[in-house]
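Report on the structure given below.
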Amino acid sequence: MHTLLESRRVGSIIRCASLCDNRCHCFNFNSLSGICRLYSSCDLSDATTSEAGWTYFTELTPQPEGIRLADGGHSGEGRVEVFYNNTWGTVCSDQWDENDAQVVCRMLGYSGTSMAAIGVFEMGSGPIWMNDVQCEGHETSLANCSFTGYGVHNCDHEKDAALICQPLVHSFLLNSNDSHSGLGNDNQDHVSRRIDNLQVQIQLQNKTLESQSALIQQLLNYSRQSPSTKALSSSNLRLTHSLASFGPEYQHKLLTLTNDLQEVQTKLSAIQGTESNEQQQVSTLRNQYSTLSSKITALTQDVSSAKNSVESLQTVVSQNQQFSTSHISTLSSRYSSLSTLLHETESRVTTLEHNLESELITSIRLTSGDHSGEGRLEVKYQGSWGTVCDDSFADQSAKVVCRQLGYQTCSELTMLYNFSK
Numbered sequence: 001m002h003t004l005l006e007s008r009r010v011g012s013i014i015r016c017a018s019l020c021d022n023r024c025h026c027f028n029f030n031s032l033s034g035i036c037r038l039y040s041s042c043d044l045s046d047a048t049t050s051e052a053g054w055t056y057f058t059e060l061t062p063q064p065e066g067i068r069l070a071d072g073g074h075s076g077e078g079r080v081e082v083f084y085n086n087t088w089g090t091v092c093s094d095q096w097d098e099n100d101a102q103v104v105c106r107m108l109g110y111s112g113t114s115m116a117a118i119g120v121f122e123m124g125s126g127p128i129w130m131n132d133v134q135c136e137g138h139e140t141s142l143a144n145c146s147f148t149g150y151g152v153h154n155c156d157h158e159k160d161a162a163l164i165c166q167p168l169v170h171s172f173l174l175n176s177n178d179s180h181s182g183l184g185n186d187n188q189d190h191v192s193r194r195i196d197n198l199q200v201q202i203q204l205q206n207k208t209l210e211s212q213s214a215l216i217q218q219l220l221n222y223s224r225q226s227p228s229t230k231a232l233s234s235s236n237l238r239l240t241h242s243l244a245s246f247g248p249e250y251q252h253k254l255l256t257l258t259n260d261l262q263e264v265q266t267k268l269s270a271i272q273g274t275e276s277n278e279q280q281q282v283s284t285l286r287n288q289y290s291t292l293s294s295k296i297t298a299l300t301q302d303v304s305s306a307k308n309s310v311e312s313l314q315t316v317v318s319q320n321q322q323f324s325t326s327h328i329s330t331l332s333s334r335y336s337s338l339s340t341l342l343h344e345t346e347s348r349v350t351t352l353e354h355n356l357e358s359e360l361i362t363s364i365r366l367t368s369g370d371h372s373g374e375g376r377l378e379v380k381y382q383g384s385w386g387t388v389c390d391d392s393f394a395d396q397s398a399k400v401v402c403r404q405l406g407y408q409t410c411s412e413l414t415m416l417y418n419f420s421k
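Per UniProt numbering: the sequence shown = residues 1 to 421.
Encoded structure:
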């Protein structure tokens, strides 16, 4: 497969070098040394000229070696999956960083900026093949990086590793006699690479925001089902607490992106190109900066909205907890019938059933028996212990008492007068 590669770097003449073997030729940049591209030849007959002075070369794209990105918006993003033992499996995100992402992107034919991502795309299924992957960034395959071994992990699919790849786009002037000092090669290259990096960061932050917003909406929908009588489940409470720092954390990320954009703007201001090609480059970069700035503004508004949603949800949770706690004593004093009390507790304060059972266990006892599981039934009411009359007291009533005391079964009811009065 061949891909068309255009370069943004200006003012460097393409030259063949001896850094590679006969299958490829290399470019030697002013500030970079020996970047090898697998071009079929250095003959200009292989190039296609689209406009005067600009030449585009065909590059051989490395083929994937048992690796793919799944559930992304395009082929350059998604959950990382590797092919092992004739089965596709995921990679755990423990130790996952940009070096690992760079290796995967290069395997898939992307040579530009890469960004590691966690929890942004859908969870995978099947085996988890790799964990604790630690690449240095120069490896040609993820399998050459350090990891715990295939199938050796302590992860679940909530920690599936993911990434976003960007193609490296370059354009070269072939006339070495032209002067391009006005544009400033180093500034131009720095700005171009910074713009590429910012674009990837924006994509990642956008997807993170979408994921977090979906969780927030899920929690809000749950709490609105019956906000006056039902507290959030323990799993949703944990999720709410984990989202508590969502707003401040995201504001910090946006501040970092804004600072990067300001640095790009400073570099752009220093570029004073006079040639038409240079002016076109500057105009393109300014448009990119303007677009990213607009995205920052939109993201800031989304974060503010999401943060407010979290705070509203936490208020609902707090109110539910207060409601449930206060109604334990209200229900206990209002309903003297044990069966009615259990029914009201189950229907109105579901999430506090365990605490209520503990409360009830301490309010009932068996006395004068040979062991704790038999004896005269006594209940505690308004601070005093008293007995229960046996009128209509049958096996079903006895089973309720036994369950309260933690017994799974109940023997045939024994007449109360068998125990001491």
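Every residue, glycine too, gets a C-beta built ideally from N, C-alpha and C.
- If you follow the alpha helix (DSSP H) that residue 397 is part of, which residue opens it and which one closes it? Membership of residue 397 in the alpha helix (DSSP H) is indicated by the continuous run 395-404.
- Message: Just to confirm the assignment, what range does the alpha helix (DSSP H) spanning residue 98 have?
- Response: Annotation for residue 98: the continuous alpha helix (DSSP H) segment containing it runs 98-107.
- Quick one: measure Cβ to Cβ for residue 92 and residue 161, integer angstroms, because I've assumed they're closer than 8 angstroms. With a beta-carbon spacing of about 7 angstroms, residue 92 and residue 161 fall inside the 8 angstroms limit used to define contacts.
- Pull up the distance between the alpha-carbon of residue 71 and that of residue 396, whole angstroms please. Counting only the Cα atoms, residue 396 lies some 55 angstroms from residue 71.
- Item | Delimiting residues of the beta strand (DSSP E) encompassing residue 130 | That run of the beta strand (DSSP E) goes 128-130.
- Task: Take the Cβ of residue 110 as the centre, count every other Cβ of all protein chains shown within 10 Å, and call the residue buried at 16 or more, exposed below.
- Result: Result: buried.
- Distance CB(residue 146)-CB(residue 107) smaller than 8 angstroms: With contacts defined as CB atoms closer than 8 angstroms, residue 146 and residue 107 fail to qualify as a contacting pair.
- Can you tell me the Cα-Cα spacing of residue 130 and residue 68, whole angstroms? Cα-Cα distance, rounded: 14 angstroms.
- Message: Could you compute how far the alpha carbon of residue 406 sits from the alpha carbon of residue 152?
- Response: Rounded to the nearest angstrom, the gap between the Cα atoms of residue 406 and residue 152 is 42 angstroms.
- Message: Quick check: what's the CA-CA separation for residue 123 versus residue 404?
- Response: Cα to Cα, the separation comes out at about 42 angstroms.
- Message: Looking only at its chain, what residues have a beta carbon closer than 8 angstroms to the beta carbon of residue 155, apart from the 5 residues adjacent to it on each side?
- Response: Taken in chain order, the residues that qualify are 92, 93, 94, 128, 131.
- Message: Could you check if residue 68 belongs to the surroundings of the ligand NAD, using beta carbon to heavy atom distance under 7 angstroms?
- Response: No copy of the ligand NAD occurs in the structure displayed, which carries no ligand at all.
- residue 139 (DSSP reduced to helix, strand or coil): Annotated three-state conformation of residue 139 is coil, per DSSP.
- Task: May I ask which residues mark the beginning and end of the beta strand (DSSP E) holding residue 384?
- Result: Residues 384-387.
- Message: So, at 6 angstroms on beta carbons, what are the nonlocal neighbours of residue 103 in its own chain, with the 5 sequence-adjacent residues on each side left out?
- Response: In the same chain as residue 103, and ignoring 5 residues on each side of it, the C-beta atoms closer than 6 angstroms to its own belong to 135, 139, 142, in chain order.
- Message: Measuring straight from C-alpha to C-alpha, what distance separates residue 399 and residue 408?
- Response: Answer to the nearest angstrom: the Cα atoms are 9 angstroms apart.
- Message: Going by DSSP, what residue range makes up the beta strand (DSSP E) through residue 122?
- Response: From DSSP, residue 122 is part of no beta strand (DSSP E); its letter is neither H nor E.
- Could you say which of 367, 101, 98, 75 lies nearest to residue 387 if we only look at CA atoms? Looking at 367, 101, 98, 75, the one whose alpha-carbon comes closest to that of residue 387 is 367.
- Task: Going by CA-CA distance only, name the one from 101, 87, 73, 379 that's closest to residue 126.
- Result: For residue 126, the nearest C-alpha among the options comes from 87.
- Task: Leaving out five residues on either side along the sequence, give the residues of the same chain with a beta carbon under 8 angstroms from the beta carbon of residue 157.
- Result: Cβ-Cβ distances below 8 angstroms link residue 157 to 90, 123, 124, 125, 128 in the same chain, with the five nearest sequence neighbours on each side left out; the list follows chain order.
- Using three-state DSSP, classify residue 374 as helix, strand or coil. Correct three-state label for residue 374: coil.
- Query: With distances taken between CB atoms, is the gap from residue 98 to residue 165 smaller than 8 angstroms?
  - Reply: Going by C-beta atoms, residue 98 is not nearer than 8 angstroms to residue 165.
- Determine the direct distance from the alpha carbon of residue 365 to that of residue 385, and round the result to whole angstroms. Each residue's CA atom was taken as its position, placing residue 385 and residue 365 some 9 angstroms apart.
- Query: DSSP three-state call for residue 410: helix, strand or coil?
  - Reply: Here residue 410 sits in coil by DSSP.
- Message: Taking DSSP's pairing of strands, which residues face residue 91 in a bridge?
- Response: Among the bridge pairs identified by DSSP, residue 91 is matched with 130.
- Message: Please state whether the Cβ-Cβ distance between residue 389 and residue 402 is less than 8 angstroms.
- Response: At least 8 angstroms separates the beta-carbon of residue 389 from that of residue 402.
- Item | residue 116 versus residue 363: straight-line alpha-carbon distance, rounded | Approximately 56 angstroms, taken between the alpha carbons.
- Task: Return the residue from the list 371, 73, 163 that minimises the CA-CA distance to residue 79.
- Result: When C-alpha distances from residue 79 are compared across 371, 73, 163, the shortest belongs to 163.
- Give the straight-line distance between the Cα atoms of residue 66 and residue 150, rounded to the nearest whole angstrom. C-alpha of residue 66 to C-alpha of residue 150: approximately 14 angstroms in a straight line.
- Item | Alpha-carbon to alpha-carbon, residue 391 and residue 377 | Straight across, the Cα-Cα distance linking residue 377 with residue 391 is about 13 angstroms.
- Task: Look at the alpha carbon of residue 59 and the alpha carbon of residue 148, and state the distance between them as a whole number of angstroms.
- Result: Note that residue 59 scores a pLDDT of 35, beneath 50, so its modelled location is shaky; the value from the coordinates is reported in the next line. Rounded to whole angstroms, the gap between the alpha carbons of residue 59 and residue 148 is 35 angstroms.
- Confirm, please, whether the CB-CB distance from residue 120 to residue 423 is below 8 angstroms. This structure cannot settle anything about residue 423, because the visible part of the chain is limited to 1 through 421.
- Task: Return the CA-CA distance between residue 159 and residue 100, expressed in angstroms with no decimal places.
- Result: One C-alpha to the other measures close to 15 angstroms.
- Item | Own chain, CB closer than 6 angstroms to residue 380, minus 5 neighbours either side, in chain order | Excluding sequence neighbours, residue 380 sits near 363.
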